[in-house]
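Visitor: Shown below is the structure under consideration.
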Amino acid sequence: FQNDSEFGEVIWKFKPDAALHARTFLFHPAQILEDQSDGSLIVRFWASGHMEMCWHLYMWGDKVEVVAPEALRRMVETHQRSDFPSLP
């Protein structure tokens, strides 16, 4: 599921009510976690494989926002839902 043309910085923002749980996940071996003043969590790493990321992000429902890359953001935002028991 890797596509070298997709390689770049990935930034996800988890809502405050999901941040504590998201902090326990290893999304990528080189991830950087940034706690925000509003209680949310930013996760940063460099990777490719947008489709694989979409599958993983789906289980977070509307608790996560893809900040970057824009192509991944567009893929995820059309499938985010709040009407099922998502993580956390």
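Just so you know, we're using the numbering used here here: the sequence shown kicks off at 1 and counts up by one. Cβ atoms here follow ideal geometry from the backbone N, Cα and C, with glycine treated the same way.
Does DSSP classify Gly8 as helix, strand or coil?
Guide: Reduced to three states, the DSSP call for Gly8 is strand.
Visitor: State the Cα-Cα distance for the pair Ser82 and Pro69, rounded to the nearest angstrom.
Guide: Between Ser82 and Pro69, the C-alpha separation is close to 22 Å.
Visitor: I'd like the ranges of any alpha helix (DSSP H) spanning at least 4 consecutive residues and lying wholly in the stretch 31 to 76.
Guide: List check, alpha helix (DSSP H) in window: 50 to 58.
Visitor: If you count every other CB in all the chains shown that lies within 10 Å of the CB of Trp12, and 16 or more means buried, which is it?
Guide: Burial call: buried.
Visitor: In its own chain, which residues sit with a C-beta less than 8 Å from the C-beta of Phe27, not counting the 5 before and 5 after it?
Guide: Result list for Phe27: Trp12, Val43, Phe45, His56, in chain order.
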